[in-house]
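Chains as they are written, first to last, in numbering that gives the first Met the number 0: chain A, 0 to 373; chain B, 0 to 140; chain C, 0 to 378.
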Amino acid sequence: MAKAALMEGSNADLAARDLLKSLLSSGKVRGVMTLVETGPAGEVNYELVADVAALENATPLYPLMPANAGGLLSRLTVLEGFEEPVAAFLRPCELRAFVELGKLHQVNAENILLISATCGGVYPLRASLNGGLADGLPAYWEAVANGEAAEGLRPTCSACEHFVPFGADLVLAAVGSGGAGRLAVVARTPRGDEALEGLEGAAGEAEVETAGVKSLREKRGAARAELFETEPLPAPGLEGLVAFFGRCVGCRSCRSVCPICCCEICYFDAAATEPTPRTFDVHLKRKEGTRVPPDTLLFHLGRLTHMSASCVGCGMCADACPVYVPVATLFAKVGAETQALFEYVPGKDPEEEVPLQRFEEEELAEVGEERFGS
Amino acid sequence: MSEEFRPDILGIFCRWCSYSAADLAGVSRMKMPPTTKVVRVMCSSRADPVFALGALLIGADGVLVAGCAPGDCHYKTGNYQTRRRYALVEKIFDTLGLDNRRLKLVWIPASEGAKVKRVVTAMTESLQEAGPNPTRAEMFI
Amino acid sequence: MKGINLKSDDANAAARGLLARGMEAGLWDAALVPARVPAGDSYAWLLLRDAAALERTTPLPPVMSVSGARALYKLARHGTARRVVAVLRPCEVRAAVELYKREQLPLDDIFLISMDCPGAVPLKDYVEDPEAGEELFGKMLAGVEEPGREICRSCDHFSHTASDLHLGTLGVPEGNVVVVPASAAGEAAAEKLGLGDAGPVAEWEAEVEKRNASRREAKEEAHRALREEAAGPERLAATLGRCIGCHGCRSVCPICFCRQCYFESEALKVPAANVFARAERKGAARLPADTFLFHLGRMAHISLSCVSCGACEDACPVQIPVAQLFGLVAANTQSLFDYEAGRDRAEAVPTTYYREEELAYLSEPYVEARAPEGVGADG
Ligand code: SF4
Ligand code: SF4
Ligand code: SF4
Ligand code: SF4
Ligand code: SF4
Ligand code: FES
């Protein structure tokens, strides 16, 4: 059991909002980064809020991800961090992205109180258009409170095993909170302890690992195994990949919303990789025709090479794809394999370097051996 | 695949060891299949896997990356990094059902001209078995 | 205008035939044409060097997955090793012409063929249900269904354009296609292809004009409605409110060619304290911080060259009517300089020259009568 504040609230989102309000109004923080409802049809955006009144529409756990907040927070602080204490409410995968970005030197984390929650998952962005989510929200919160898997979530969320955050200062125990209307905010660090001190809500003790968390973890595990084995993933081999990415328009939105892909100029847009007359000539020497713009598969395979070991499976890429390529499912599956290779969990431990920045002398001995033939 | 198929292999060889070994093999007039065109790099760690992917996607039948043996890298740790990267790509290929015979990393010390011959021959044979790279004919790449 | 009447089943067959004949006659060595992708759920541009391979192409596909101008730019930005022919929609030709004028696309070795365009099917609808998309497009071609994409419904540049050869189908009796040479290169090609003598093509011209007139009305109406829905600071903010900042609209836009977009550059990165100060001033600051700057800035950068191709809107994951907004703004910025994007290769982009005697009103003191609706001298 850890120190916790017990918040009243008919669902986790309202409790989270109250928490942010009391943190801001008590002066413990001077600003709050959170999702805020910004439109009448359930539009939500991230905002940096400095005025308590503006938190009225805050909806920290709204089950939608208009951007990976870890990426946003990195972009916000990469030059210089906050000068005033600020609380940031991130979902577990957003937090993992933030930690991962820290390892890539893209973050100034000072003065940030990191708050997260056990996460029930989010819906695809497209499901939210034209107010599409509003009716389903009560059922969603009920599922979260009971440790059930809500229907219609992003495929990668239904299969997400890391919905309990690593290493936040405060964690709201949303999953499996039961229907009692009391939600526990658990302090995980001294900074978290300090934040809870003197806050409204009975001081007490609580666990993040509720029975609901355990049962949800099992369901997620089963869903994950199934997701990685079934359509719409590409059939093995080149043909499968060509079919999978055939409709890709090359907008690179999957990359630009990816929190991990933080390069100022992506290699695949750099002058070095720009096609020249020779590029096409080389293709046309071998075959009667070739695709323009070229290098659709190179981009996706290359991106997998660059970042799959750090992919947090947040699902942003699939949400951003205008032609509904299930990019996130593929990247999550490949990421699971490359991460297992290095026994690495992206965003788990800030001290652990990313796999491609380190090595062991004694490892992977078979790579580099003469292993020819099938 | 028939014996006549002569695969196109791109070699990316570290200049300190593997390229010297290839040189030695040439000077010693060792006979090996004329399948491999070698690009010289300063260290195997310069052989970004994305270069290899690029070559495979425009129709090379195989890419052979060669560097100094672990512990012998001229820059001390370059080839350990290379090893991680190629282990990663191998995993990606496995996961996607792409043919791992087409992308190989080997260590060839400078004195081992004979290993160049052995490796080039073995890779050539394994690619003859694998057949031409399907990317040669695929338009929608 | 004069054209040549060609017997042909449909525009696609006519285009394929011309491409193949031109290849055999040595007019060009490679053709840039769309073809359906293997999974059948979209179309992609292929560069083909083989006349037989043209069989699998669809010169006029139901969707504009990638703007042909952008494909051409990727292909030929640094010139081409072969003489290339490309078959484009009229808005794609116009975008290519804009890139040419902005010195991003040498068109010297490129032969452009355009076709009467019935509009395109929204890309998302197509990928979700390709067969329904094909069916809708068939009806659009037959003229019994309005274009699928909103932006196409108010397009008044759907016919001949600054290409070399144009293929007309509107108002032309079935089994015929009108070939209109539209440049010196086009005339030479028509002759080399032995297409026959050009004569008047009054039926086609009349139908184009008729349709154009109704489209101009539709455009006016669409602009009026959009102004009502999206003009003014609040309404604009609401329209752009769900933008996720993916910049997909920018990256698919044929006109936005910068390798490093200003709105993604270091220039826009600021210390956290800066955004915090904004939040203190207004109570809260939206993140990412520069959504509106991005869209307004892009309008400032490229609306003079916007051809209303709709690529941006097809690429938007949250269904923001980007192309319609840009079209509305473009109509105003272009008319300010009496300019029309892509109309004429010889016409300079307005920001590349100036006249001493122009835009005099800008030196006048602020006049309230000139202010846009809802903005007072003190606002
Ligand atoms: S991927 Fe996991 S942590 Fe991220 S939103 Fe989905 S369920 Fe939550
Ligand atoms: S794909 Fe690679 S180069 Fe491009 S942004 Fe991602 S990590 Fe950087
Ligand atoms: S977002 Fe979709 S269409 Fe765009 S580059 Fe990624 S996979 Fe291709
Ligand atoms: S702004 Fe949109 S409509 Fe205008 S040219 Fe660019 S992609 Fe086309
Ligand atoms: S494509 Fe849509 S969501 Fe993305 S930046 Fe443009 S308007 Fe915003
Ligand atoms: S110097 Fe040879 S592998 Fe590094």
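C-beta: ideal position from N, C-alpha, C; glycine also.
Does any C-beta atom of chain A lie closer than 9 Å to the C-beta of residue i?
{"i": "residue 128 of chain B", "result": "yes"}
{"i": "residue 58 of chain B", "result": "yes"}
{"i": "residue 74 of chain B", "result": "no"}
{"i": "residue 34 of chain B", "result": "no"}
{"i": "residue 73 of chain C", "result": "yes"}
{"i": "residue 209 of chain C", "result": "no"}
{"i": "residue 17 of chain C", "result": "no"}
{"i": "residue 282 of chain C", "result": "yes"}
{"i": "residue 93 of chain B", "result": "yes"}
{"i": "residue 160 of chain C", "result": "no"}
{"i": "residue 125 of chain B", "result": "yes"}
Counting only Cβ pairs nearer than 7 Å, list the residues of chain A close to residue i.
{"i": "residue 135 of chain B", "result": "285 and 286"}
{"i": "residue 113 of chain C", "result": "Those do not exist, as residue 113 of chain C stays about 18 Å from chain A at its closest Cβ, beyond 7 Å."}
Determine the DSSP secondary structure at residue i, reduced to helix, strand or coil.
{"i": "residue 279 of chain A", "result": "helix"}
{"i": "residue 57 of chain C", "result": "coil"}
{"i": "residue 64 of chain A", "result": "coil"}
{"i": "residue 132 of chain B", "result": "coil"}
{"i": "residue 15 of chain B", "result": "coil"}
{"i": "residue 42 of chain C", "result": "strand"}
{"i": "residue 88 of chain A", "result": "strand"}
{"i": "residue 36 of chain C", "result": "coil"}
{"i": "residue 146 of chain C", "result": "coil"}
{"i": "residue 17 of chain C", "result": "helix"}
{"i": "residue 224 of chain C", "result": "helix"}
Given that residue i touches chain B, what residues does it touch there, using C-beta distances under 7 Å?
{"i": "residue 43 of chain C", "result": "139"}
{"i": "residue 343 of chain A", "result": "Ordered by position in chain B, no residue passes the 7 Å Cβ test against residue 343 of chain A, which lies about 11 Å from the chain."}
Using a cut-off of 9 Å between C-beta atoms, extract the partners of residue i located in chain C.
{"i": "residue 449 of chain A", "result": "Any property of residue 449 of chain A remains undetermined from this structure, which presents chain A solely from 0 to 373."}
Can the beta-carbon of residue i be found closer than 9 Å to that of residue j?
{"i": "residue 296 of chain C", "j": "residue 52 of chain A", "result": "no"}
{"i": "residue 250 of chain A", "j": "residue 250 of chain C", "result": "yes"}
{"i": "residue 60 of chain B", "j": "residue 8 of chain B", "result": "yes"}
{"i": "residue 372 of chain A", "j": "residue 117 of chain B", "result": "no"}
{"i": "residue 239 of chain C", "j": "residue 159 of chain C", "result": "no"}
{"i": "residue 97 of chain B", "j": "residue 297 of chain A", "result": "no"}
{"i": "residue 113 of chain A", "j": "residue 171 of chain A", "result": "no"}
{"i": "residue 18 of chain C", "j": "residue 32 of chain C", "result": "yes"}
{"i": "residue 96 of chain A", "j": "residue 115 of chain A", "result": "no"}
{"i": "residue 33 of chain B", "j": "residue 120 of chain B", "result": "no"}
{"i": "residue 317 of chain A", "j": "residue 154 of chain A", "result": "yes"}
Against chain B, does residue i count as a neighbour if the rule is that its beta carbon must be under 9 Å from one of theirs?
{"i": "residue 333 of chain A", "result": "yes"}
{"i": "residue 36 of chain C", "result": "yes"}
{"i": "residue 104 of chain A", "result": "no"}
{"i": "residue 324 of chain A", "result": "no"}
{"i": "residue 301 of chain A", "result": "yes"}
With respect to 8 Å, is the separation between the Cβ of residue i and the closest non-hydrogen atom of ligand 4 below this value?
{"i": "residue 307 of chain C", "result": "yes"}
{"i": "residue 312 of chain C", "result": "yes"}
{"i": "residue 90 of chain C", "result": "yes"}
Can you pull the chain C residues whose beta carbon is under 8 Å from the beta carbon of residue i, in chain order?
{"i": "residue 320 of chain A", "result": "316"}
{"i": "residue 114 of chain A", "result": "Per Cβ cutoff of 8 Å: no residues; residue 114 of chain A is ~16 Å from chain C at best."}
Compute every distance between the C-beta of residue i and the non-hydrogen atoms of ligand 2, then say whether any falls below 8 Å.
{"i": "residue 122 of chain A", "result": "no"}
{"i": "residue 258 of chain C", "result": "no"}
{"i": "residue 259 of chain A", "result": "yes"}
{"i": "residue 301 of chain A", "result": "yes"}
Using a Cβ-Cβ distance under 9 Å, would residue i count as near chain C?
{"i": "residue 144 of chain A", "result": "no"}
Is there at least one non-hydrogen atom of ligand 6 closer than 8 Å to the beta-carbon of residue i?
{"i": "residue 140 of chain A", "result": "no"}
{"i": "residue 118 of chain C", "result": "no"}
Check the Cβ of residue i against every Cβ in chain A and list those closer than 8 Å, keeping chain order.
{"i": "residue 49 of chain C", "result": "287 and 288"}
{"i": "residue 118 of chain B", "result": "369 and 371"}
Could you work out which residues of chain C lie near residue i, taking near to mean beta carbons separated by less than 7 Å?
{"i": "residue 259 of chain A", "result": "Correct list: empty, because the minimum Cβ distance to chain C is about 15 Å."}
{"i": "residue 45 of chain A", "result": "286"}
Would you say the beta carbon of residue i comes nearer than 8 Å to a heavy atom of ligand 3?
{"i": "residue 305 of chain A", "result": "no"}
Under 8 Å Cβ-Cβ, which residues of chain B neighbour residue i?
{"i": "residue 358 of chain A", "result": "76, 79, 80, 82 and 83"}
Find the residues of chain B that neighbour residue i, judging by a C-beta separation of less than 9 Å, and give them in chain order.
{"i": "residue 282 of chain A", "result": "57, 58, 138 and 140"}
Please compile the residues from chain A whose C-beta is within a distance smaller than 9 Å of the C-beta of residue i.
{"i": "residue 258 of chain C", "result": "264, 268, 269, 270 and 273"}
TODO: Check each residue's C-beta against every heavy atom of ligand 8 and list, in chain order, those closer than 6 Å.
DONE: In the structure shown, ligand 8 is absent; the only ligands present are ligand 1, ligand 2, ligand 3, ligand 4, ligand 5 and ligand 6.
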